[in-house]
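Structure first, commentary second.
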Amino acid sequence: MKNKKIWMGSAAAALVAAVMTAGGIMAYFTDTEEKVNHFTVGSVEITLEEPKWDEKPDEDEDGVPDEAEDLLPVQTVTKDPQITNTGTNDAFVFAVVQVPCRNIVTANTDGTKNPQAMTDLFTYRPGNAWTSLGMYEVTGEDGTVTAHKYLYAYAPLGENCTVVKPGETTQPLFESVTFVNAVEGQGLENAAFDLEISAYGIQTTDLDGGRETPAQVWGILSNQKELPETYQ
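If you want my numbering, it's the 1-based position in the sequence shown plus 19.
Okay, structure coming up:
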């Protein structure tokens with residue numbers, strides 16, 4: 020009986036092997052491993068600051084420094100717009116200054132008058148770290164020019180945009196503004212005028228194949244923001 024059982028066990032094993040071979044059934048060693056790749060999304064965030072302007076006395080608490088009220092012709096006031104990168108990624112930055120203008124008569128330093136002309140009411144001198152990209156005329160409903168917008172890129176003249184890293188602040192766009200030497204009696208007295216400044220930021224990498232020149236980068240930014248102005 021013992022020999023018979025052994026024979027029957029061997030026969031069963033041979034039968035299984037024959038079936039596996041005939042049916043093409045094979046057994047393989049297999050393994051599976053998964054790996055989860057984590058990504059974090061960065062941000063481009065900026066703030067527009069004017070530290071020297073903001074610290075000026077404002078005794079009447081109307082939000083306007085006392086020094087900037089009741090201006091006289093050719094009076095100069097400290098104003099220092101600068102942009103800080105408060106995001107997590109590098110940024111290229113731009114600034115737009117909107118200056119009110121009027122068709123007025125101005126005077127030279129010796130008192131002689133100039134012919135009436137469309138004139139900015141405030142002037143300033145941009146810093147060397149900024150490059151001008153042109154001007155745009157702002158008009159009222161009647162088509163009259165009321166202001167000029169000036170576009171600046173944070174980039175030395177003739178060079179690519181300067182990278183502003185997280186936590187870094189640009190050099191001031193300018194240090195002060197000067198009121199125009201306007202002749203009296205042209206409706207400027209006791210009037211209020213706004214000097215508007217806007218700041219823009221955009222990522223520095225993967226910009227349409229690696230664009231870095233001020234004009235190219237601004238073109239991408241203005242297209243995405245759908246800005247209507249064309250600066251010339």
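Glycine included, each C-beta is placed from N, C-alpha and C at the ideal position.
Nearest residue (CA-CA) to residue i, options the options
i: residue 195; options: 75, 63 and 61; result: 75
i: residue 177; options: 219, 205, 232 and 162; result: 232
i: residue 66; options: 47, 103 and 60; result: 103
i: residue 213; options: 140, 243 and 95; result: 140
i: residue 192; options: 245, 242 and 98; result: 98
i: residue 183; options: 245, 107 and 228; result: 107
i: residue 150; options: 245, 46, 237 and 52; result: 237
Contact check, residue i vs residue j, beta carbons under 9 Å
i: residue 117; j: residue 172; result: no
i: residue 248; j: residue 170; result: yes
i: residue 125; j: residue 132; result: yes
i: residue 243; j: residue 111; result: no
i: residue 199; j: residue 138; result: yes
i: residue 113; j: residue 186; result: no
Residue(s) in a DSSP beta bridge with residue i
i: residue 132; result: 126
i: residue 121; result: 138
i: residue 111; result: 221
i: residue 201; result: 125
i: residue 168; result: 117 and 155
Residue i versus residue j - alpha carbon distance
i: residue 62; j: residue 174; result: 21 Å
i: residue 145; j: residue 190; result: 10 Å
i: residue 158; j: residue 80; result: 32 Å
i: residue 87; j: residue 60; result: 42 Å
i: residue 130; j: residue 95; result: 18 Å
i: residue 230; j: residue 58; result: 25 Å
i: residue 84; j: residue 100; result: 15 Å
Three-state class that DSSP yields for residue i in the structure shown
i: residue 228; result: coil
i: residue 4; result: Outside the shown range of the chain, which is 20 to 251, sits residue 4, and nothing can be said about it.
i: residue 241; result: helix
i: residue 86; result: helix
i: residue 94; result: coil
i: residue 101; result: strand
i: residue 60; result: coil
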